[in-house]
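Numbering (our numbering), first residue to last: 21 to 486.
Working notes for the structure below.
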């Protein structure tokens with residue numbers, strides 16, 4: 021906007037200067053020419069009284085010398101009363117021009133080398149004499165160059181001044197707009213305290229007022245959302261307390277221990293949700309240098325938890341790639357929550373007896389975690405990736421895949437849903453190790469329909485984890 025105003029001002033001012041300066045320059049040139057010829061006419065008129073009195077050569081020479089230089093003036097006396105015609109001074113005009121002036125009886129000008137001549141007729145008793153006054157070109161253009169230079173300087177000053185004024189006006193208009201853009205970027209980056217000064221032109225002031233009002237509403241909505249999440253999570257503590265007491269009375273055994281462990285983990289997750297909601301901090305964030313966890317260890321741990329339920333429902337399962345340490349820049353609790361969300365979806369949305377598998381692939385710049393099953397698949401993967409829409413079945417909110425997606429995107433990766441070699445759904449979690457975006461086709465939450473088949477080991481229901 022600023023440069024647009026400057027360009028418009030430059031164009032308009034230049035047009036105005038040209039429209040006035042060019043005609044004015046031509047007028048100045050004509051005025052200089054008129055001034056030069058007026059001076060020549062005065063010199064010629066000074067000889068008329070002397071010519072009306074006498075035509076004596078000697079007397080006329082003295083009169084011409086007193087009126088001006090004989091190099092710039094000439095007198096052409098006609099013949100009469102027994103006297104021959106003669107000329108005084110240097111003649112520059114052509115004889116035809118002199119004869120035409122005598123015949124017409126009125127003054128005229130003619131072009132000669134180096135300038136012009138003024139031919140002024142004077143009536144005598146013996147005929148018509150012609151006074152010739154030479155007007156050099158330097159006298160015709162005397163002062164024109166200086167006047168044009170002054171006009172050019174004034175025009176340039178006007179153009180520069182208009183551009184400077186337009187630039188200041190542009191700054192006055194653009195600066196509030198830039199602050200509005202900066203405030204929008206800051207608000208988009210999560211800086212909820214970003215506000216815009218309400219100054220500048222009326223339209224920009226109104227825009228700043230609207231932006232600040234919007235930012236206040238966003239802060240209020242987020243605060244209400246956090247309070248609601250904290251309140252809802254806090255309400256879960258009472259049934260969790262009952263579950264913990266009931267789990268304590270189950271006695272000893274693997275199932276009882278797993279139940280107590282699950283209840284303790286659920287209590288920790290609820291406490292984490294409450295703290296996160298109160299502190300307004302994201303649940304999933306990129307880990308700093310040296311932070312992270314061993315993905316293989318977390319996979320083994322969560323599969324040990326879900327294997328008991330898999331055996332109860334007659335599901336075959338497999339784990340691959342978790343026999344060696346795989347370091348990733350993700351917090352242990354976040355990866356465990358993501359795996360629980362994916363495995364929970366398998367148990368919740370596939371029939372009992374449906375096989376599933378978890379594969380960990382360790383690359384140079386990324387780690388891929390594949391969770392696949394032999395269920396009926398997802399009819400609309402794009403809808404499943406949308407937060408809050410779910411898979412269309414009872415008990416699905418769609419937040420599980422959103423947790424997985426946010427975890428992957430916190431490292432620069434993404435999540436893809438496609439068809440697995442088992443015949444059901446495959447969820448591919450791409451975890452970037454160096455924090456850069458993966459160099460491959462696709463976008464956030466992309467959906468992949470097909471993939472190249474891979475060899476799958478034979479399922480073994482009684483297979484134990486390392």
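Beta carbons: idealized from backbone N, C-alpha and C, even for Gly.
These numbers come from a predicted model, not from an experiment.
CB of residue i within 9 Å of CB of residue j, strictly
{"i": "residue 155", "j": "residue 56", "result": "yes"}
{"i": "residue 119", "j": "residue 141", "result": "no"}
{"i": "residue 79", "j": "residue 94", "result": "no"}
{"i": "residue 381", "j": "residue 341", "result": "yes"}
{"i": "residue 164", "j": "residue 60", "result": "no"}
{"i": "residue 138", "j": "residue 72", "result": "no"}
{"i": "residue 356", "j": "residue 335", "result": "no"}
{"i": "residue 207", "j": "residue 214", "result": "yes"}
{"i": "residue 313", "j": "residue 290", "result": "no"}
For residue j and residue i, the rounded distance between their alpha carbons
{"i": "residue 136", "j": "residue 30", "result": "42 Å"}
{"i": "residue 281", "j": "residue 202", "result": "48 Å"}
{"i": "residue 27", "j": "residue 183", "result": "8 Å"}
{"i": "residue 148", "j": "residue 124", "result": "10 Å"}
{"i": "residue 306", "j": "residue 245", "result": "Confidence at residue 306 is low in this model, with a pLDDT of 47, below 50, so its placement is unreliable and the value that follows should be read with caution. So the alpha carbons of these two residues sit roughly 23 Å apart."}
{"i": "residue 162", "j": "residue 222", "result": "54 Å"}
{"i": "residue 424", "j": "residue 431", "result": "12 Å"}
{"i": "residue 170", "j": "residue 177", "result": "10 Å"}
{"i": "residue 353", "j": "residue 420", "result": "14 Å"}
{"i": "residue 116", "j": "residue 181", "result": "56 Å"}
{"i": "residue 278", "j": "residue 453", "result": "33 Å"}
{"i": "residue 157", "j": "residue 62", "result": "18 Å"}
{"i": "residue 230", "j": "residue 200", "result": "11 Å"}
{"i": "residue 48", "j": "residue 219", "result": "49 Å"}
{"i": "residue 259", "j": "residue 324", "result": "26 Å"}
{"i": "residue 370", "j": "residue 401", "result": "15 Å"}
{"i": "residue 205", "j": "residue 232", "result": "13 Å"}
{"i": "residue 414", "j": "residue 442", "result": "Caution is warranted here: a pLDDT of 45 is assigned to residue 414, below 50, making its placement in the model unreliable, and the coordinate value is therefore given only provisionally. One C-alpha to the other measures close to 24 Å."}
{"i": "residue 362", "j": "residue 435", "result": "12 Å"}
{"i": "residue 186", "j": "residue 167", "result": "28 Å"}
{"i": "residue 24", "j": "residue 188", "result": "13 Å"}
{"i": "residue 427", "j": "residue 328", "result": "26 Å"}
{"i": "residue 37", "j": "residue 160", "result": "25 Å"}
{"i": "residue 81", "j": "residue 108", "result": "7 Å"}
Neighbourhood of residue i by C-beta distance below 7 Å, restricted to the same chain and skipping five residues each side
{"i": "residue 83", "result": "67 and 70"}
{"i": "residue 319", "result": "339, 342, 359, 378 and 380"}
{"i": "residue 398", "result": "404, 411, 437 and 445"}
{"i": "residue 64", "result": "138, 140, 151 and 153"}
8 Å CB neighbourhood of residue i in its chain, flanking five on each side removed
{"i": "residue 276", "result": "267 and 270"}
{"i": "residue 150", "result": "95, 96, 118, 121, 122, 139, 140, 141 and 142"}
{"i": "residue 217", "result": "196, 199 and 228"}
{"i": "residue 372", "result": "333, 334 and 335"}
Other residues of its chain near residue i: CB distance less than 6 Å, five sequence neighbours each side excluded
{"i": "residue 337", "result": "330 and 376"}
{"i": "residue 283", "result": "263, 264 and 267"}
{"i": "residue 301", "result": "Because the pLDDT of residue 301 is 47, which lies under 50, any placement of that residue in the model is unreliable, and the number read from its coordinates should be weighed accordingly. Within the same chain, residue 301 has no close Cβ partners at all."}
{"i": "residue 317", "result": "none"}
{"i": "residue 385", "result": "453 and 454"}
{"i": "residue 130", "result": "113, 117 and 137"}
Supposed close pair residue i, residue j - CB separation, criterion 8 Å
{"i": "residue 33", "j": "residue 179", "result": "5 Å"}
| Taking contact to mean at least 3 C-beta pairs separated by less than 8 Å, is the stretch 30-47 in contact with the stretch 108-122? | no
| task | Could you tell me whether the stretch 237-244 touches the stretch 219-229, where touching means 3 or more Cβ pairs closer than 8 Å? | result | no
| message | Count Cβ pairs between the stretch 351-367 and the stretch 387-407 that sit closer than 8 Å; are there 3 or more? | response | yes
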